[in-house]
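Some notes on the structure that comes next.
In the working numbering, the protein residues as written are 4 to 442.
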């Protein structure tokens with residue numbers, strides 16, 4: 004395909020366009036996202052009608068309609084080739100109260116522009132709400148989840164740019180930890196635990212520490228109430244600035260703020276105790292969050308346990324290369340885990356590696372389906388499966404389809420190196436390195 008594409012006049016037009024219309028360093032394009040602005044410039048230059056332009060636009064659309072399903076935290080290392088316009092779509096769940104930090108590193112670090120767009124998915128992938136956008140001048144996105152929903156991330160480079168990228172999606176709390184105490188995690192009672200012999204459920208979390216441990220503001224905001232009740236004992240209510248919920252601190256031994264007082268995250272609101280219905284328990288803070296519809300689980304908002312993305316253990320340097328299956332049968336999965344339904348593929352099936360994550364590879368089949376396979380189930384094409392002498396002239400196709408473009412006509416008697424097989428086709432190498440498909 005590379006020879007066919009780069010021999011067209013459209014490529015020279017495109018090279019001129021790219022030389023004169025590189026993305027501004029700011030990464031900001033008025034009301035348009037960087038990706039939208041670049042797409043508009045392609046269309047204005049008439050490049051949306053070229054083969055490369057159409058493939059780029061199709062890849063952008065396909066990444067949204069057919070994303071890979073993953074789970075955060077997540078990381079992957081991938082490669083985009085200049086002669087194969089592509090895009091990556093990743094769909095993953097977000098939990099209310101989490102802050103997601105999405106970062107992208109590229110090689111080369113300069114002159115290789117990748118666009119990132121983050122959407123919230125409402126129902127089907129056709130119902131998308133844009134949340135954030137960036138290009139590699141900013142290299143990162145942040146999002147605080149205001150509900151339990153799915154997110155969709157697209158990353159896509161500009162046309163005719165090759166490069167490697169490493170994507171990281173990290174999750175953590177969107178609020179500060181509500182007590183100041185030694186150690187990292189003091190949460191011992193969670194949302195939904197039984198209370199009063201099953202008469203009610205726990206609408207919050209309990210953090211245990213020494214008597215009169217400082218209880219602190221989990222966000223900048225305003226104290227809306229300082230009170231006392233039989234249930235919560237001495238309490239403080241805080242409304243974070245710019246948020247649609249309030250924070251509830253209960254069982255304090257002493258309150259140190261007043262109603263209407265403005266505070267900063269980390270300011271002391273009171274001291275931990277066991278007032279109210281906690282008189283018979285060790286000192287602890289009951290921490291709750293209330294929205295218009297009532298209480299919500301506050302754990303994700305303040306959970307101090309932050310998990311980094313799993314390390315990438317797959318062999319380095321496979322992204323962008325073609326590999327083949329080693330064993331008699333291997334499974335291709337829709338997500339990088341084995342508890343999903345797999346497609347069984349035969350030995351020697353060639354697969355193009357798009358990215359590596361954990362011990363998995365995201366691969367594209369010859370028919371352009373994508374999925375994940377264990378990195379231990381494949382090998383590189385450095386050695387042929389066997390050599391084959393052609394008994395008759397044979398077309399060499401670009402892809403395993405007799406309706407696809409023919410790269411050459413191989414002569415009878417010519418010897419080719421067989422690299423892989425798929426359906427009734429063979430991926431072969433001939434003439435010192437040229438590759439294609441024969442039957």
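Heads up, the beta-carbon is just placed ideally off N, CA and C, and yes, glycines get one too.
query	result
Pull up the distance between the alpha-carbon of residue 29 and that of residue 264, whole angstroms please.	Unreliable placement is indicated for residue 29, whose pLDDT of 38 sits below 50; the coordinate value is still reported in the next sentence. Cα to Cα, the separation comes out at about 39 angstroms.
Would you list, in sequence order, the uninterrupted beta strand (DSSP E) runs of no fewer than 3 residues that lie entirely inside the stretch 182 to 207?	190 to 192
Using a Cβ distance threshold of 8 angstroms, determine whether the stretch 281 to 297 contacts the stretch 249 to 260, with at least three qualifying pairs required.	yes
Just mark residue 376 as buried or exposed, buried being the case when its beta carbon has 16 or more other beta carbons within 10 Å.	buried
Tell me the DSSP secondary structure of residue 137 in three-state form.	strand
Give me whichever residues DSSP pairs with residue 390 in a beta bridge.	420
Identify whether residue 280 lies in helix, strand or coil by the three-state DSSP scheme.	helix
Going by other Cβ atoms of all chains shown within 10 Å of its Cβ, with 16 needed for buried, is residue 489 buried or exposed?	Outside the shown range of the chain, which is 4 to 442, sits residue 489, and nothing can be said about it.
Using a Cβ-Cβ cutoff of less than 7 angstroms, which residues in the same chain neighbour residue 144 once the five nearest sequence positions on both sides are dropped?	105, 119, 121, 135 and 137
Going by DSSP, name the residue or residues bridged to residue 258.	273
For the ligand NAP, is there a heavy atom less than 7 angstroms away from the beta-carbon of residue 225?	Judged by which ligands are present, the structure shown has none, so any question about the ligand NAP falls away.
What is the rounded straight-line gap between the Cα of residue 63 and the Cα of residue 270?	46 angstroms
Give the range of the beta strand (DSSP E) segment to which residue 358 is assigned.	353 to 360
May I ask you to report which of helix, strand or coil DSSP gives residue 83?	strand
Report yes if the CB atom of residue 420 is closer than 8 angstroms to the CB atom of residue 387, and no otherwise.	yes
Under DSSP, the alpha helix (DSSP H) around residue 298 begins and ends at which residues?	No alpha helix (DSSP H) contains residue 298, which is instead part of the beta strand (DSSP E) from 297 to 299.
For residue 224, write down the residues that DSSP places opposite it in a beta bridge.	243 and 266
For residue 321, I'd like the list of residues in its chain whose CB is within less than 7 angstroms of its CB, leaving aside the five on either flank, ordered along the chain.	356, 359 and 364
If you drop the 5 nearest sequence neighbours on each side, which residues of the same chain put their C-beta closer than 6 angstroms to that of residue 235?	253 and 279
Note down the Cα distance separating residue 92 from residue 311, rounded to an integer number of angstroms.	21 angstroms
Which residue's Cα is closest to the Cα of residue 437: 424, 427 and 413?	413
Name the DSSP beta bridge partners of residue 97, please?	152
Taking 8 angstroms as the cut-off, decide whether the C-beta atoms of residue 230 and residue 243 are in contact.	no
What is the rounded straight-line gap between the Cα of residue 147 and the Cα of residue 168?	24 angstroms
Is the beta carbon of residue 159 closer than 8 angstroms to that of residue 221?	no
Within the continuous alpha helix (DSSP H) that includes residue 40, where are the two ends?	37 to 47
Grab the span of the alpha helix (DSSP H) containing residue 65 for me, first residue to last.	54 to 68
Who are the near neighbours of residue 426 in its chain, counting only those whose CB is closer than 7 angstroms to its CB and skipping five residues on each side?	403
Mapping the DSSP letters down to three states, classify residue 120 as helix, strand or coil.	strand
Work out the CA separation of residue 155 and residue 44 for me, nearest whole Å.	24 angstroms
Do the CB positions of residue 139 and residue 172 come within less than 8 angstroms of each other?	no
Check whether the Cβ atoms of residue 435 and residue 399 sit closer than 8 angstroms, and answer yes or no.	no
Using the three-state DSSP reduction, which class does residue 380 fall into: helix, strand or coil?	helix
Are residue 329 and residue 381 closer than 8 angstroms when you measure CB to CB?	yes
Kindly identify the DSSP beta-bridge partner or partners of residue 409.	400
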